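Note sheet for the following structure.
There are 2 protein chains.
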Amino acid sequence: MGSDFGPAELVRGAADLSLEAPQIHALVVGDRDAIGETLQETRHSGERISVYHAPSFVSMEEKPAEALALKPDSSISVAAQLVAEGEADALVTAGNTGAAILACARRFNLLPGVRRAALAAVYPTRRSHGEKADPFSLILDVGATVEASADDLVAFAVMGAAYAKVVSQNPNPTVALLSNGTEALKGPACVVEAHQKLQNLPGLRFAGNVEGVDIPKGTVDVIVCDGFVGNVCLKMLEGVHDTVMELAQYAYKSKLRWRAGLAMLSSGIRRLKEVTDWEQYGGAPVLGFDRIFIKAHGRSRARAIANAGKVAAKAVGADLSRRIMEGLPR
Amino acid sequence: MGSDFGPAELVRGAADLSLEAPQIHALVVGDRDAIGETLQETRHSGERISVYHAPSFVSMEEKPAEALALKPDSSISVAAQLVAEGEADALVTAGNTGAAILACARRFNLLPGVRRAALAAVYPTRRSHGEKADPFSLILDVGATVEASADDLVAFAVMGAAYAKVVSQNPNPTVALLSNGTEALKGPACVVEAHQKLQNLPGLRFAGNVEGVDIPKGTVDVIVCDGFVGNVCLKMLEGVHDTVMELAQYAYKSKLRWRAGLAMLSSGIRRLKEVTDWEQYGGAPVLGFDRIFIKAHGRSRARAIANAGKVAAKAVGADLSRRIMEGLPR
Chain B
1 MGSDFGPAEL VRGAADLSLE APQIHALVVG DRDAIGETLQ ETRHSGERIS
51 VYHAPSFVSM EEKPAEALAL KPDSSISVAA QLVAEGEADA LVTAGNTGAA
101 ILACARRFNL LPGVRRAALA AVYPTRRSHG EKADPFSLIL DVGATVEASA
151 DDLVAFAVMG AAYAKVVSQN PNPTVALLSN GTEALKGPAC VVEAHQKLQN
201 LPGLRFAGNV EGVDIPKGTV DVIVCDGFVG NVCLKMLEGV HDTVMELAQY
251 AYKSKLRWRA GLAMLSSGIR RLKEVTDWEQ YGGAPVLGFD RIFIKAHGRS
301 RARAIANAGK VAAKAVGADL SRRIMEGLPR
Chain V
331 MGSDFGPAEL VRGAADLSLE APQIHALVVG DRDAIGETLQ ETRHSGERIS
381 VYHAPSFVSM EEKPAEALAL KPDSSISVAA QLVAEGEADA LVTAGNTGAA
431 ILACARRFNL LPGVRRAALA AVYPTRRSHG EKADPFSLIL DVGATVEASA
481 DDLVAFAVMG AAYAKVVSQN PNPTVALLSN GTEALKGPAC VVEAHQKLQN
531 LPGLRFAGNV EGVDIPKGTV DVIVCDGFVG NVCLKMLEGV HDTVMELAQY
581 AYKSKLRWRA GLAMLSSGIR RLKEVTDWEQ YGGAPVLGFD RIFIKAHGRS
631 RARAIANAGK VAAKAVGADL SRRIMEGLPR
């Protein structure tokens with residue numbers, strides 16, 4: 001209900017899923033009239049979609065804790081409750097991120113051995129990854145846990161590796177800690193301690209520390225950091241495309257041939273922006289809970305929602321939670 | 331002595347300074363024979379250059395603490411000692427960063443009210459800044475102080491603002507804290523506490539928190555963070571140009587017109603790389619000591635060294651240290 005384009009895109013995504021993915025049943029939670037209206041004018045398979053009414057919703061602008069307190073029957077609260085009770089196996093939302101994480105944190109349990117959840121982001125890189133040679137890496141946490149301990153970082157590494165195996169079809173992903181130098185002793189105390197622990201963790205392909213330059217390069221498959229650093233990095237990546245293009249114009253303004261080249265590219269610039277917009281790719285998993293939870297971007301269209309649904313189904317089918325628990329230190 | 335191109339580029343930079351900047355006297359510290367050889371074949375004003383012999387030097391690959399212990403008469407140790415004793419007013423080096431900071435930290439004093447030094451970096455942004463409308467912002471710390479307290483961040487804000495005033499000719503620079511959201515309560519405890527303190531600090535134009543997306547945009551003139559986050563961000567900026575260009579090729583490979591546009595730009599790509607290479611612009615100031623200290627990049631050519639010398643002279647002439655002390659909380 002609270003996504004940037006309202007409920008219609010979510011409903012259309014569920015409708016696409018009902019036709020494309022017969023193994024998935026979509027339970028659509030929100031205003032029953034709005035949902036019904038879109039469903040009526042969209043081709044779908046009625047057997048694989050059901051609707052659960054929620055009379056209110058949290059908007060993007062609202063403060064998470066306040067909004068959830070004021071609206072106990074908001075669509076995100078109702079949906080999280082349904083998943084917690086086992087009425088559904090996974091939650092997909094394109095609404096207010098903070099409210100979604102809070103609603104789930106109050107109803108889901110953290111996996112045994114996990115003390116903090118992490119929001120992971122898929123983002124484009126120069127190097128390709130996994131069996132499908134995707135030009136994408138995973139970075140976590142990007143905002144759920146602002147101050148992470150060494151044990152939290154170790155858990156994030158295990159969660160990221162498990163997700164890369166299950167969803168990115170990368171059977172043996174490389175995992176690294178983000179630091180200010182590649183040496184084991186570089187970084188704040190929690191990073192140094194996490195480095196030691198990860199070196200001795202069986203079943204994880206730990207590649208040591210990587211630096212900022214390795215984020216866009218894609219040196220490793222999974223990058224681990226606390227939610228503060230990860231959030232700053234991710235938001236930098238978002239702004240970087242525009243900046244390079246503007247700086248390019250600044251650098252090239254003097255030379256006619258360069259200007260002509262830029263002009264020829266101008267219609268492609270929007271396309272590049274899409275490629276570098278990590279949030280178009282199936283959404284960001286929130287890892288650490290005993291339930292699967294995919295946060296799609298607020299600007300998601302039907303296609304992105306359907307992709308997020310498939311990602312969620314893949315994670316459920318491959319028992320992501322069990323895989324995470326198996327990888328955690330004993 | 332230890333820069334990527336050896337002493338000749340430094341000597342040529344000093345030679346340029348002797349002709350262009352009559353107010354500056356360059357004291358060149360290093361191997362007297364190597365220095366003399368370059369001086370002999372370079373046009374310079376002999377009155378404004380003198381040479382001080384140092385029999386050894388620290389290379390880029392050496393570990394700072396070990397190297398300084400093994401070589402007490404290395405050029406960086408001798409130069410730092412000369413500046414500490416008042417034989418020179420400022421230090422400019424293009425050698426090993428860690429060794430330079432350590433050599434100075436052992437000989438210079440921190441300014442009263444400053445508990446940690448900060449390495450600041452000038453980097454290119456979309457928005458222009460100051461009276462000269464430079465497309466550059468300042469970010470600090472980028473690696474000197476990996477874990478910073480709230481008071482350290484406040485001192486960094488004051489130091490960055492003073493530097494922007496003196497060197498970037500920006501009489502009233504905006505200063506912001508880097509965080510994971512613009513609200514005052516966003517971020518780790520030290521950032522939240524620093525936010526409160528900066529709001530109440532007279533004489534500073536505090537713009538609140540900025541996010542990662544604001545770094546390349548250049549939303550403010552000075553961005554403040556701890557050395558861990560700053561180092562990660564700065565290294566990301568360094569890798570970003572190559573990444574965008576490679577992703578562009580990935581995005582554009584299907585369309586002939588876009589490919590032609592990229593080809594026309596190819597000779598300009600190197601040029602853009604220069605523009606976005608912050609380290610070409612007069613070097614990075616190390617702030618917080620009672621002596622002026624400019625760390626030029628290891629790849630600096632004569633031009634960059636001469637610029638770093640002028641920046642150092644400007645900082646000395648405008649009494650940067652006094653300005654920093656005046657801005658600190660009482």
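Protein chains in written order, with our numbering: chain B, 1 to 330; chain V, 331 to 660.
Ideal placement from N, C-alpha and C gives every residue a C-beta, glycine not left out.
All values reported here derive from a predicted model rather than from experimental measurement.
{"Item": "Cutoff 6 Å; reference Asn502(V); Cβ partners in own chain excluding five residues on either side", "Value": "Arg535"}
{"Item": "Closer than 7 Å to chain B by CB, Glu609(V)", "Value": "Low per-residue confidence applies at Glu609(V): pLDDT is 47, beneath 50, and the placement is therefore not dependable, though the value from the model is reported in the following sentence. Chain B, which has no Cβ nearer than 7 Å to the Cβ of Glu609(V), makes this no."}
{"Item": "Contact residues within the stretch 535-563 of chain V, judged by C-beta distance below 9 Å to chain B", "Value": "Glu541, Gly542, Val543, Asp544, Ile545, Pro546, Lys547, Gly548, Cys555, Asp556, Gly557, Phe558, Val559, Gly560, Asn561, Val562, Cys563"}
{"Item": "Contacts around Ala308(B), its chain only, beta-carbon distance under 6 Å, and the 5 residues preceding and following it disregarded", "Value": "Val92, Gly282, Gly283, Ile294, Ala296"}
{"Item": "Straight-line gap, Asp361(V) to Ala344(V) (C-alpha atoms, nearest Å)", "Value": "15 Å"}
{"Item": "Distance, Arg291(B) Cα to Arg322(B) Cα", "Value": "11 Å"}
{"Item": "Leu178(B): contacting residues in chain V (beta-carbon distance under 7 Å)", "Value": "Val562"}
{"Item": "Closer than 7 Å to chain B by CB, Lys565(V)", "Value": "yes"}
{"Item": "Bounding residues of the alpha helix (DSSP H) (the contiguous stretch that carries Pro216(B))", "Value": "214-217"}
{"Item": "7 Å Cβ cutoff, Val146(B) in contact with chain D", "Value": "You won't find chain D in this structure, because its protein chains are B and V."}
{"Item": "Within chain B, the residues that Glu568(V) reaches when beta carbons sit closer than 8 Å", "Value": "Gly212, Val213"}
{"Item": "Residues near Gly110(B) in its chain [Cβ-Cβ closer than 8 Å; skip 5 each side]", "Value": "Looking at the sequence itself, residue 110(B) is Leu, so the reference to Gly does not match. If we look at Leu110(B) and ignore the five residues flanking it on each side, its Cβ neighbours are Arg116, Ala117, Gly288, Phe289, Asp290."}
{"Item": "Between the CA atoms of Asp363(V) and Gly542(V) - distance to the nearest angstrom", "Value": "48 Å"}
{"Item": "Beta strand (DSSP E) runs wholly inside the stretch 476-537 of chain V, at least 3 long, in chain order", "Value": "504-508"}
{"Item": "Cβ of Pro518(V) within 7 Å of any chain B Cβ", "Value": "yes"}
{"Item": "Of the residues Ala433(V), Leu586(V), Asp464(V), the one placed nearest Phe398(V), counting alpha carbons only", "Value": "Looking at the sequence provided, one finds Leu at residue 398(V) rather than Phe. Ranking Ala433(V), Leu586(V), Asp464(V) by Cα distance to Leu398(V) puts Ala433(V) first."}
{"Item": "Bounding residues of the beta strand (DSSP E) (the contiguous stretch that carries Lys295(B))", "Value": "292-295"}
{"Item": "Status (buried if at least 16 other CB within 10 Å, exposed otherwise) for Pro352(V)", "Value": "exposed"}
{"Item": "Supposed close pair Leu39(B), Val11(B) - CB separation, criterion 8 Å", "Value": "6 Å"}
{"Item": "Short Cβ contact (7 Å threshold) for Ala306(B) with Leu17(B)", "Value": "yes"}
{"Item": "8 Å contact criterion, which His525(V) and Ala514(V) should meet: CB distance rounded", "Value": "5 Å"}
{"Item": "Cutoff 7 Å; reference Ser458(V); Cβ partners in own chain excluding five residues on either side", "Value": "Asp464, Pro465"}
{"Item": "For Phe156(B) and Ala120(B), the rounded distance between their alpha carbons", "Value": "9 Å"}
{"Item": "Contact belief for Pro188(B) with Phe558(V) at Cβ below 8 Å, rounded distance in angstroms", "Value": "6 Å"}
{"Item": "Among Asp151(B), Leu82(B), Gly86(B), Gly98(B), nearest to Gly113(B) - alpha-carbon criterion", "Value": "Asp151(B)"}
{"Item": "Inter-residue spacing [alpha-carbon to alpha-carbon] between Asp643(V) and Ser404(V)", "Value": "Residue 643(V) is actually Ala in this sequence, not Asp. Using only the alpha carbons, I get a separation of about 24 Å."}
{"Item": "Cutoff 7 Å: Gly298(B) Cβ touching any chain V Cβ", "Value": "no"}
{"Item": "Within chain V, partners of Gly143(B) - CB distance below 7 Å", "Value": "Asn510"}
{"Item": "Val191(B) beta carbon less than 7 Å from that of Leu177(B)", "Value": "yes"}
{"Item": "Any beta strand (DSSP E) of 3 or more consecutive residues that is wholly inside the stretch 10-88 of chain B", "Value": "26-30, 49-53"}
{"Item": "Per-residue DSSP class, three states only, for Phe228(B)", "Value": "helix"}
{"Item": "Sub-7 Å separation of Met236(B) and Ile545(V) beta-carbons", "Value": "yes"}
{"Item": "Of the residues Met390(V), Ala645(V), Val641(V), Leu531(V), the one placed nearest Val488(V), counting alpha carbons only", "Value": "Leu531(V)"}
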